[in-house]
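Residue numbers (this note's numbering): 64 to 422.
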């Protein structure tokens with residue numbers, strides 16, 4: 064009784080190209096919201112944890128007030144007492160945790176409820192999709208990784224150079240906590256955008272596991288994601304440029320160029336199917352074994368899993384039982400940090416930066 068819907072072609076390329084602008088706009092609005100006055104006290108996670116360990120009786124949740132100074136300069140931070148700096152860190156730590164878990168809950172709802180809603184909508188129109196959800200093609204992965212790298216590098220350079228020019232670039236902490244929070248919100252927002260795209264790409268009838276977004280969200284955590292490594296390296300270069308010695312300035316610029324060159328090399332090797340003919344023509348590649356011997360030959364997968372963590376999550380297999388939080392979330396995140404390609408990736412990107420930092 065109901066007419067079958069006519070599928071309309073969707074220009075995914077133009078929609079995804081607008082993601083950086085949407086990301087920047089929404090993140091700026093979110094960061095501006097942090098400046099609202101009279102914010103209520105928030106739980107002090109550090110003090111509460113210390114009390115739970117050392118105090119056995121009369122346990123109570125400690126709170127901490129919002130910072131009195133926003134986006135302080137280095138001089139303003141040095142003028143603070145140790146207690147003020149400590150409370151400032153404790154306040155932002157709670158906000159970081161709140162933002163992360165809020166993003167996890169929102170992303171999980173999108174991927175679970177969105178898939179169910181899509182199935183109900185197709186059932187209402189008596190439309191049954193054929194086959195299963197197709198994996199993201201290698202060409203699409205390369206394009207999206209390049210887009211994510213450009214946005215990540217642009218935001219990191221903008222934050223570092225702005226902090227450098229305004230006297231907020233610290234040798235101890237790097238950037239202000241407010242700037243770190245803004246960049247962290249950008250990373251969480253990009254995961255939410257990916258969850259929407261993943262549900263839109265999902266075939267009706269397929270579903271994601273309830274822990275899928277939680278597993279993917281580990282890719283945005285500091286010291287784990289490529290985004291945080293990129294930010295760290297860019298801050299290191301900015302600190303070198305901040306120096307008054309010309310050799311340190313040259314070192315900082317070289318650090319930036321090396322960072323960009325390494326990521327370009329990883330992406331180029333990821334596109335080896337398109338560049339294979341060029342390699343053969345130049346005499347750089349004769350067989351597949353030689354390609355695997357290239358430094359960083361398998362590092363593009365690490366970039367893709369970090370920048371496209373949600374989009375690369377496979378739908379749940381029919382009949383497969385849901386695993387627990389430890390098996391489905393913690394162990395996969397730990398395993399990804401111990402793979403050979405991950406070790407090679409860290410060695411190529413971080414070892415030269417660590418050697419340069421000795422100077």
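From the three backbone atoms N, C-alpha and C, an ideal C-beta is built for every residue, glycine too.
### Query
Looking at the unbroken alpha helix (DSSP H) that takes in residue 217, where does it start and where does it end?
201-228
### Task
Go ahead and label residue 153 buried or exposed: buried means 16 or more other beta carbons lie within 10 angstroms of its beta carbon, across all protein chains shown.
buried
### Query
Which class does residue 106 belong to by DSSP, given the choice of helix, strand or coil?
strand
### Query
Given that a residue counts as buried once 16 or more other Cβ atoms are within 10 Å of its Cβ, and exposed if not, what is residue 230?
exposed
#### Entry: Cβ-Cβ distance between residue 332 and residue 296 below 8 Å
no
### Task
Tell me where the alpha helix (DSSP H) around residue 131 begins and ends.
Per DSSP, residue 131 belongs to no alpha helix (DSSP H) and is neither H nor E.
### Message
If you measure between the beta carbons of residue 106 and residue 126, is that distance less than 8 Å?
### Response
yes
#### Entry: Coil, strand or helix - residue 144 by DSSP
The three-state reading of DSSP puts residue 144 in coil, since its state is none of H, G, I, E or B.
### Task
Could you check if residue 145 is buried or exposed, using at least 16 other CB atoms within 10 Å of its CB as the buried criterion?
Classification for residue 145: exposed.
### Message
Does the contact criterion of 3 or more C-beta pairs under 8 Å hold for the segment 206-214 versus the segment 300-309?
### Response
no
### Task
Determine the burial state of residue 261: buried for a count of at least 16 other Cβ atoms within 10 Å of its Cβ, exposed for fewer.
buried
### Query
Are the beta-carbon atoms belonging to residue 301 and residue 205 less than 8 Å from one another?
no
### Task
Assign residue 286 to buried or exposed, taking buried as 16 or more other Cβ atoms, counted over all protein chains shown, within 10 Å of its Cβ.
exposed
### Task
Could you check the C-alpha separation between residue 233 and residue 303 for me, to the nearest Å?
12 Å
### Task
With DSSP collapsed to three states, give me the class of residue 304.
helix
### Rounded straight-line distance, which links the Cα of residue 374 to that of residue 198
9 Å
### Query
Is the distance from the Cβ of residue 218 to the Cβ of residue 248 below 8 Å?
Result no, Cβ atoms of residue 218 and residue 248 do not sit closer than 8 Å.
### Message
Does the contact criterion of 3 or more C-beta pairs under 8 Å hold for the segment 165-175 versus the segment 274-294?
### Response
yes
### Task
Note down, one range per segment and in chain order, each alpha helix (DSSP H) of at least 4 residues found wholly within the segment 253-287.
275-280
### Task
If I'm right that residue 255 touches residue 372 with Cβ under 8 Å, what's the distance once you round it to whole angstroms?
The Cβ separation is near 12 Å, so there is no contact.
### Message
Suppose you measure from the CA of residue 428 to the CA of residue 182; what does that come to, to the nearest Å?
### Response
No answer is possible for residue 428: the residues shown for the chain start at 64 and end at 422.
### Query
For residue 110, which residues of its own chain have a beta-carbon under 6 Å away from its beta-carbon, when the five flanking residues on both sides are left out?
125
### Message
I need the DSSP call for residue 124, collapsed to helix, strand or coil.
### Response
Three-state DSSP puts residue 124 in coil, outside helix and strand.
### Query
Roughly how many angstroms separate the alpha carbons of residue 411 and residue 263, rounded to a whole number?
36 Å
### Message
Rounding to the nearest angstrom, what Cα-Cα distance links residue 330 and residue 202 in this structure?
### Response
Using only the alpha carbons, I get a separation of about 11 Å.
### Query
With respect to the alpha helix (DSSP H) encompassing residue 325, which residues constitute its N-terminal and C-terminal limits?
Here the alpha helix (DSSP H) through residue 325 covers 309-333.
### Query
With 16 other CB atoms within 10 Å as the buried threshold, where does residue 104 fall?
Its Cβ having fewer than 16 others within 10 Å, residue 104 is exposed.
### Query
For residue 137 versus residue 148, is the C-beta distance shorter than 8 Å?
no
### Task
Quick one: residues in its chain with C-beta nearer than 7 Å to the C-beta of residue 71, no 5 flanking neighbours on either side, listed in chain order?
Low confidence applies to residue 71: its pLDDT is 41, below 50, so where it sits in the model is not reliable, and the reading given next is rough at best. Annotation for residue 71: no residue places its beta carbon closer than 7 Å to its own, counting only its chain and skipping 5 residues before and after.
### Query
Considering only the beta carbon of each residue, do residue 328 and residue 241 sit closer than 8 Å?
no
### Query
Taking just the CA atoms, how far does residue 378 sit from residue 269?
6 Å
### Message
Taking the alpha carbon of residue 252 as the reference point, which residue from 370, 376 and 155 has its own alpha carbon closest?
### Response
370
### Query
Which word fits residue 200, buried or exposed, when buried means at least 16 other C-beta atoms lie within 10 angstroms of its C-beta?
Burial call: exposed.
### Query
Thinking C-beta only, is residue 271 closer than 8 Å to residue 167?
Going by C-beta atoms, residue 167 is not nearer than 8 Å to residue 271.
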